[in-house]
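Report on the following structure.
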Amino acid sequence: MSSEKVMSESSNASTKEGQLPKSSGVSWSLIMGAAFLMATSAVGPGFLTQTTVFTQTLGASFAFVILVSIILDIGAQLNIWRVIVVSKKRAQDIANDLLPGLGYAIAGTVALGGLAFNIGNIGGAGMGMNVLFPSISPVAGASISAVIAVAIFMLKDAAKVMDRFTILMGAALIVMTLYVLFSTSPPIGEALYRSVWPEKLNVLAIITLVGGTVGGYITFAGAHRLIDAGVTGKEALPQVNRGSVSAISVASIVRVILFLAALGVISTGVTLDPSNPPASMFQHAAGNIGYKIFGLVLWAAAITSVIGAAYTSVSFLKTLHPMIDLHSRKFIIGFIVISTFIFCFIGKPVVLLIVAGALNGFILPVTLGIMLIAAKKAQIVGDYKHPVWMSVFGWLITAMMAAMSVYTLYMLLI
């Protein structure tokens with residue numbers, strides 16, 4: 107097929123008002139855009155805090171937690187992305203095919219979680235801007251950040267701009283955290299040793315990292331981006347495999363760099379400020395420059411998570427009514443505006459955050475289980491044969507996450 111034809115089909119793939127443009131070709135930039143959308147959705151304000159706090163608690167043994175969580179992340183994401191792309195349907199539509207109404211319940215839960223976490227992401231963007239420019243309050247910074255996110259979705263080539271923006275911010279995150287890492291002298295040898303022979307073990311940390319990387323809406327960000335771009339069918343599986351693993355790799359690289367930087371600071375005997383551990387770590391590592399870098403890292407992590415949460419949450423809501431699919435960009439913009447309004451005028455609603463957090467813990471085991479069942483249904487995946495080892499690995503992850511989700515909910519209720 108000629109490049110002119112591909113471009114023509116790409117530009118005409120979506121004529122309905124409000125839809126994101128689709129692409130009929132499978133380009134490496136599109137695959138990486140989906141990968142970085144997922145990765146940067148995972149790397150939010152909570153990600154920075156989790157990594158720093160667990161490093162302070164577990165020391166070099168946190169390397170083992172990271173290694174195990176990476177393996178589990180890849181297993182979960184490969185299963186989910188492959189089934190979605192082969193079936194040519196979004197996760198909630200697959201769930202509805204298996205049990206009518208189940209997809210609507212999942213869509214509502216994901217959207218609620220996405221809204222709650224987006225309020226936190228908007229707040230994180232405001233705090234990051236406040237660190238960079240002290241004269242700008244966190245509320246004003248949140249508003250400015252929301253305008254930037256909305257502007258991306260108002261552009262004609264919104265999907266392409268979103269892909270490029272998340273790739274740029276992801277690369278910037280890696281470069282900035284590397285700078286901080288080189289400002290410290292972490293015991294890399296000990297970290298490598300403890301990655302296979304930990305001195306301390308914290309199962310809850312593993313579950314927290316897996317949930318924070320591929321839990322809730324996050325793992326579907328990239329898969330639904332591929333569906334919207336028309337990257338579907340068995341012929342797309344090689345690109346899907348590379349894209350899903352690349353997404354986990356990007357998030358894991360940021361995690362490892364942050365861990366080593368924090369370990370370098372902590373190994374000197376420094377106690378991080380419990381009110382803001384990542385900011386304290388950056389400042390101890392590189393002084394005032396490090397503190398400013400923290401502000402930029404926080405802003406980049408938060409703004410990309412805002413975009414990822416809004417995009418993915420609305421992609422789940424498209425099943426509820428054709429109007430949402432027809433005007434998806436307007437609904438994404440509305441999602442960002444509502445999140446910003448709640449943060450600026452109400453703050454962070456504690457009850458909503460607690461409920462959404464508890465429900466979010468169940469999303470991964472439920473949706474992963476649905477994907478694994480769907481992988482065996484010919485009416486959903488056709489003649490596709492899901493690898494046995496992937497199914498076994500996927501069910502193991504499902505059981506682990508389900509058990510820990512029940513335990514977490516129990517601890518919240520007692």
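Going by the working numbering, the sequence shown opens with residue 107, and the numbers climb by one from there.
Just so it is clear, CB atoms sit at the ideal spot from N, CA and C, and this is done for glycine as well.
Rounded to whole angstroms, Pro383 and Val159 show a C-alpha spacing of 7 angstroms.
When only Cα atoms are considered, Asn202 and Leu426 end up about 11 angstroms apart.
In its chain, beyond the 5 residues on either side, Val316, Thr319, Val320, Ile354 have a beta carbon closer than 7 angstroms to the beta carbon of Asp179.
The three-state secondary structure of Lys340, taken from DSSP, is helix. Cβ neighbours of Phe468 within its own chain (closer than 6 angstroms, five residues either side excluded): Ser511. A direct Cα-Cα distance of roughly 6 angstroms separates Val302 from Phe170. If you check the CB distance, Ile172 and Val346 do not come in under 8 angstroms. Annotation: Leu279 to Trp405 spans about 10 angstroms, alpha carbon to alpha carbon.
In the three-state scheme derived from DSSP, where H, G and I count as helix and E and B as strand, Tyr323 is classed as coil. Taken in chain order, the whole alpha helix (DSSP H) runs of length 4 or more contained in the region 240-274 are 244-260. Contact between Ile438 and Phe259 holds: their C-beta atoms lie close to 5 angstroms from each other, under 8 angstroms. One Cα belongs to Thr314, the other to Val494, and the distance between them is close to 27 angstroms.
Contact check for Gly375 against Thr290 fails: the beta carbons are separated by 8 angstroms or more. The Cβ atoms of Met506 and Thr410 do not sit closer than 8 angstroms to each other.
Linking Ala415 to Glu305 through their CA atoms gives a straight-line distance of about 36 angstroms. Of the other Cβ atoms in all chains shown, fewer than 16 fall within 10 Å of the Cβ of Tyr516; this residue is therefore exposed. Counting other Cβ atoms within 10 Å of its Cβ, Lys482 stays below 16 and is therefore classed as exposed. Put simply, the backbone Cα of Gly393 is about 36 angstroms away from that of Ala327. Taking 8 angstroms as the cut-off, the beta carbon of Phe449 is found closer than this to the beta carbon of Ala248. Here Ala141 has Gly328, Gly349, Ser352, Ala353, Val356 as same chain residues with Cβ atoms under 7 angstroms from its own Cβ, once five neighbours each way along the sequence are excluded. Look at Tyr397 here: in three-state DSSP terms it is helix. In the structure shown, the three-state DSSP call for Ile452 is coil. Lys194 is a Cβ neighbour of Thr338, given a cutoff of 8 angstroms.
Residue range 197-204 is occupied by the alpha helix (DSSP H) that includes Asp203. Per the C-alpha coordinates, the member of Gly232, Gly336, Ala246 positioned closest to Phe400 is Gly232.
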